[in-house]
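> Can you read through this structure? Questions will come right after.
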Amino acid sequence: MEVHFNDEAFFVLGIQLNLNIMRIYLLLLAFLASVAFSVSASTQKWGYVNVRENAHMFWWLYHVESNATDAPLILWLQGGPGSSSTGFGNFQEIGPLDVNLKPRNHSFSGVGTGYSYVTDESAYTTDVSMIAADLVTLFQEFMHTLPSYQKTPFYIFCESYGGKMTAAFAYALHQAIQQGEIKCNFQGVALGDSWISPVDYVKTWGPYLYATSLVGEKGLKSIALAADQCVNATLQGKFTEATELWSKLESVVEEETNGVNFYNILSWDSQLAVSAADHSDPLRQLFMRHVAPTQNDALSDLMNGKVKQMLGIPKEVTWGGQAGQVFEKQAGDFMKPVVDIVDKLLAQTDLQVIVYNGQLDLICDTMGTEEWVRSLDWSEMSAYYAAERHPFSTQGSYPSGYMKKHKQLSFYWILDAGHMVPADAGEAALWMLKDILNMLH
Numbered sequence: 003m004e005v006h007f008n009d010e011a012f013f014v015l016g017i018q019l020n021l022n023i024m025r026i027y028l029l030l031l032a033f034l035a036s037v038a039f040s041v042s043a044s045t046q047k048w049g050y051v052n053v054r055e056n057a058h059m060f061w062w063l064y065h066v067e068s069n070a071t072d073a074p075l076i077l078w079l080q081g082g083p084g085s086s087s088t089g090f091g092n093f094q095e096i097g098p099l100d101v102n103l104k105p106r107n108h109s110f111s112g113v114g115t116g117y118s119y120v121t122d123e124s125a126y127t128t129d130v131s132m133i134a135a136d137l138v139t140l141f142q143e144f145m146h147t148l149p150s151y152q153k154t155p156f157y158i159f160c161e162s163y164g165g166k167m168t169a170a171f172a173y174a175l176h177q178a179i180q181q182g183e184i185k186c187n188f189q190g191v192a193l194g195d196s197w198i199s200p201v202d203y204v205k206t207w208g209p210y211l212y213a214t215s216l217v218g219e220k221g222l223k224s225i226a227l228a229a230d231q232c233v234n235a236t237l238q239g240k241f242t243e244a245t246e247l248w249s250k251l252e253s254v255v256e257e258e259t260n261g262v263n264f265y266n267i268l269s270w271d272s273q274l275a276v277s278a279a280d281h282s283d284p285l286r287q288l289f290m291r292h293v294a295p296t297q298n299d300a301l302s303d304l305m306n307g308k309v310k311q312m313l314g315i316p317k318e319v320t321w322g323g324q325a326g327q328v329f330e331k332q333a334g335d336f337m338k339p340v341v342d343i344v345d346k347l348l349a350q351t352d353l354q355v356i357v358y359n360g361q362l363d364l365i366c367d368t369m370g371t372e373e374w375v376r377s378l379d380w381s382e383m384s385a386y387y388a389a390e391r392h393p394f395s396t397q398g399s400y401p402s403g404y405m406k407k408h409k410q411l412s413f414y415w416i417l418d419a420g421h422m423v424p425a426d427a428g429e430a431a432l433w434m435l436k437d438i439l440n441m442l443h
């Protein structure tokens, strides 16, 4: 049987955070990280759901050994598209174990990603609406299989392109709940460094790099010219062309900055730029820059070795084996914004909408995030902007970040963190999580 891989999902239910400070049920979709090593098998569940014909989505759940009914259920969605929640998100960002299977101090996506797979080329998803529909189907089956979680407070946390998927999934899930198709105590979403409005990000790359001394006036002009081409194609509805122009824009950024890391401007990764430059296809270049690094040798060996064996994954399934196809199939949707969906979440639901961003992120820079937030049509935006911006600290007198809240909408600015906030600023991310869940007092 020929197997293709598309999107995946990772739930983590009931994960112990920071020496039992809090209990959280964490669900990683298509993450497939149910490892027994130093995490008891009795605190984990996993399985596949056939979300469509020829499309099989994997889920994995960590849960606490406790009778607590107030422990929230959190779903983590990775980006890419094509990056694995169960692999990268689990072992390198938020899971209870790191890639060396050591306990983490601060632990708290479509078919074809990770262990999820399709058995026919036509079953790949091509836009976030398809991914959202698959996730609704998976979640419906999950709640049917484990009805004890129907009343558990449920949140979706995400990163990068996972934010775009989260917005679409959240709105579709809310509708399914309202229509009585799913029983779920859905509370809110946390959009972390999320690809919500591509145009706002590419337009601010140049000014951000210039303000941080990473390019001069010549570099600023070169980046602006390439960004304008990408933006114009997007505004004209030429979305696949816009995605290819976005790849070329990134090459300009790499050249003008001598290889700055798109995920943390205080890092350089010349090898990543070289690997991308080896491919003439713009989409392949994007994959090499943004998805391939999340499937490094150590993680791939773990996921296709001990984890695969422990979880009983089908032999013909290779973790991350078709992530490139997942990315390419989404090329026509990649540059489309979902700001309108975020607006619907604010205007048509009572869900919490949390936005958080790492200070040092380039690809989803804070300037771009603030631009799309500013464009929201929510009737309470004036009051949101009038709200006070407060610092928060995890230890000592120096701020770890800043926050602002008004009714449903919250924004957290995380200092000393790039794109992967949980990995770069674990204590600040944990503080934010507890604040969102009202566990600080």
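With the sequence shown counted from 1, adding 2 to any position gets you the numbering used here.
Even for Gly, the Cβ is constructed at its ideal location relative to N, Cα and C.
#1: Between ILE356 and ILE438, how many whole angstroms is the CB-CB distance? I'm expecting something under 8 Å.
#2: To which residues does DSSP link ILE225 through a beta bridge?
#3: Between which two residues does the alpha helix (DSSP H) carrying HIS176 extend?
#4: Spell out a yes or no on whether the segment 214 to 233 and the segment 256 to 266 are touching, meaning 3 or more CB-CB pairs, one atom from each, closer than 8 Å.
#5: If you check the beta carbons only, do ALA229 and LEU251 fall under 7 Å apart?
#6: What beta strand (DSSP E) runs, 3 residues minimum, are completely inside the segment 178 to 209?
#7: Would you mind reading off the limits of the alpha helix (DSSP H) that contains HIS146?
#8: According to DSSP, is PHE264 part of a helix, a strand, or is it coil?
#9: What do you get for ASP202, buried or exposed, if any count of 16 or more other CB atoms within 10 angstroms of its CB means buried?
#10: By how many angstroms is the C-alpha of PHE171 removed from the C-alpha of LEU77?
#11: Which of helix, strand or coil does DSSP assign to MET337?
#12: How many angstroms separate the CA atom of SER269 from the CA atom of CYS232?
#13: For SER131, which residues of its own chain have a beta-carbon under 7 Å away from its beta-carbon, when the five flanking residues on both sides are left out?
#14: Whole angstroms are fine: how far does the CA of TYR387 sit from the CA of SER381?
#15: Give me the Cα-Cα distance between GLY428 and THR368, rounded to the nearest whole angstrom.
#16: With burial defined as no fewer than 16 other Cβ atoms inside 10 Å of the residue's Cβ, what is the status of ALA349: buried or exposed?
#17: For ASP195, collect the residues of the same chain with a Cβ closer than 7 Å to its Cβ; drop the 5 residues on either side in sequence, then sort them by chain order.
#18: Below 6 Å CB to CB, which residues in the same chain sit around PHE413 once its five sequence neighbours on both sides are set aside?
#19: Taking only the alpha-carbon atoms, compute the straight-line gap between THR245 and VAL204 and give it to the nearest angstrom.
#20: Using only the alpha-carbon positions, how far apart do ILE198 and GLN410 sit?
#21: In angstroms with no decimal places, state the Cα-to-Cα distance between LEU137 and MET383.
#22: Please report the Cβ distance between PHE159 and LEU75, rounded to the nearest whole angstrom; I am assuming they are in contact, meaning their Cβ atoms lie under 8 Å.
#23: So, using beta-carbon positions, are ILE416 and ALA425 closer together than 7 Å?
#24: For TRP242, collect the residues of the same chain with a Cβ closer than 8 Å to its Cβ; drop the 5 residues on either side in sequence, then sort them by chain order.
#25: For the putative contact between PHE188 and LEU347, defined by C-beta atoms under 8 Å, what is the C-beta separation to the nearest angstrom?
#26: Determine which residues share a DSSP beta bridge with MET405 and list them.
#27: Measuring straight from C-alpha to C-alpha, what distance separates GLY190 and THR168?
#28: Within the same chain, show all residues whose beta-carbon is closer than 6 Å to that of LEU193, passing over the 5 residues directly before and after it, in chain order.
To lay it out plainly:
#1: Sequence index remark: in the sequence shown, residue 356 carries index 354 (1-based). Sequence index remark: in the sequence shown, residue 438 carries index 436 (1-based). Yes, ILE356 and ILE438 are in contact; Cβ-Cβ is about 6 Å, under 8 Å.
#2: Sequence index remark: in the sequence shown, residue 225 carries index 223 (1-based). Beta-bridge pairing links ILE225 to no other residue.
#3: Position 174 of the sequence shown holds residue 176. Here the alpha helix (DSSP H) through HIS176 covers 163 to 180.
#4: yes
#5: Counted from its first residue, the sequence shown places residue 229 at position 227. Counted from its first residue, the sequence shown places residue 251 at position 249. In contact: ALA229 and LEU251 (Cβ atoms closer than 7 Å).
#6: Runs of the beta strand (DSSP E) inside the segment 178 to 209: 187 to 196.
#7: Counting from 1 along the sequence shown, the entry for residue 146 is found at position 144. Note, HIS146: alpha helix (DSSP H), 130 to 147.
#8: Position 262 of the sequence shown holds residue 264. Three-state DSSP puts PHE264 in coil, outside helix and strand.
#9: The residue given as residue 202 occupies position 200 in the sequence shown. Per the 10 Å Cβ criterion, buried.
#10: Residue mapping note: residue 77 aligns to position 75 of the sequence shown, counting from 1. Residue mapping note: residue 171 aligns to position 169 of the sequence shown, counting from 1. Here the alpha carbon of LEU77 sits roughly 11 Å from the alpha carbon of PHE171.
#11: Mapped onto the sequence shown, residue 337 falls at position 335. If DSSP states are grouped into helix, strand and coil, MET337 belongs with coil.
#12: To locate residue 269, count along the sequence shown from 1; it is residue 267. To locate residue 232, count along the sequence shown from 1; it is residue 230. Between SER269 and CYS232, the C-alpha separation is close to 25 Å.
#13: Residue 131 sits at position 129 when you count from the first residue of the sequence shown. The residues ALA170, in chain order, have a CB closer than 7 Å to that of SER131 in the same chain once the five nearest residues on each side in sequence are set aside.
#14: Here residue 381 corresponds to residue number 379 of the sequence shown, with the count starting at 1. Here residue 387 corresponds to residue number 385 of the sequence shown, with the count starting at 1. Answer to the nearest angstrom: the Cα atoms are 12 Å apart.
#15: One-based indexing of the sequence shown puts residue 428 at position 426. One-based indexing of the sequence shown puts residue 368 at position 366. Cα to Cα, GLY428 sits roughly 19 Å from THR368.
#16: As a working note, residue 349 is residue 347 in the sequence shown. Label assigned to ALA349: exposed.
#17: In the sequence shown, counting from the first residue as 1, residue 195 sits at position 193. Non-local beta-carbon contacts of ASP195 in its own chain, meaning distances under 7 Å to residues more than five positions away in sequence, involve GLU161, SER162, ASN359, GLY360, ASP363, CYS366, HIS421, VAL423 in chain order.
#18: Residue mapping note: residue 413 aligns to position 411 of the sequence shown, counting from 1. Same-chain partners within the cutoff: VAL357, LYS406.
#19: The sequence position of residue 245 within the sequence shown is 243, counting from 1. The sequence position of residue 204 within the sequence shown is 202, counting from 1. For THR245 and VAL204, the distance between alpha carbons rounds to 11 Å.
#20: Position 196 of the sequence shown, counting from 1, holds the residue named residue 198. Position 408 of the sequence shown, counting from 1, holds the residue named residue 410. So the alpha carbons of these two residues sit roughly 18 Å apart.
#21: As a working note, residue 137 is residue 135 in the sequence shown. As a working note, residue 383 is residue 381 in the sequence shown. Approximately 30 Å between the Cα atoms of the pair.
#22: Position 157 of the sequence shown, counted from the first residue, corresponds to residue 159. Position 73 of the sequence shown, counted from the first residue, corresponds to residue 75. With 8 Å as the limit, PHE159 and LEU75 do not qualify as a contact, their Cβ atoms being about 11 Å apart.
#23: As a position in the sequence shown, residue 416 is number 414, starting the count at 1. As a position in the sequence shown, residue 425 is number 423, starting the count at 1. Contact flag unset, no.
#24: In the sequence shown, residue 242 corresponds to position 240, counting from 1. Sequence inspection shows Thr at residue 242; the Trp mentioned does not correspond to that position. These residues qualify, in order along the chain: ALA333, GLY334.
#25: Working through the sequence shown from its first residue, we reach residue 188 at position 186. Working through the sequence shown from its first residue, we reach residue 347 at position 345. PHE188 to LEU347, Cβ: 11 Å. No contact.
#26: Working through the sequence shown from its first residue, we reach residue 405 at position 403. DSSP, once it has assigned bridges, lists HIS392, TYR414 as partnering MET405.
#27: As a working note, residue 190 is residue 188 in the sequence shown. As a working note, residue 168 is residue 166 in the sequence shown. Rounded to whole angstroms, GLY190 to THR168 spans 10 Å at the Cα level.
#28: Along the sequence shown, one-based indexing puts residue 193 at 191. Excluding positions up to five away in sequence, the list reads GLY165, VAL357.
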